[in-house]
Amino acid sequence: MKPIELKTSPEQTQTITRVIFDILKEHGPLTVGDTW
């Protein structure tokens with residue numbers, strides 16, 4: 942199987958990064974205990 946290539950524009954990448962950052966800011970850093 943070929944690896945999936947994510948073809949995202951810089952704008953999309955920046956938006957995704959901002960969304961992830963907002964989630965981390967709201968919920969705090971995820972520890973290993975939180976994910977399991």
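With the sequence shown counted from 1, adding 941 to any position gets you my numbering.
Built from N, CA and C at the ideal position, the CB exists for glycine as well.
The model shown is predicted, which means the values in this text are computed figures rather than measured ones.
Using three-state DSSP, classify L947 as helix, strand or coil.
coil
For I945 and L965, what's the separation of their Cα atoms in angstroms?
26 Å
Alpha-carbon to alpha-carbon, K943 and R959:
29 Å
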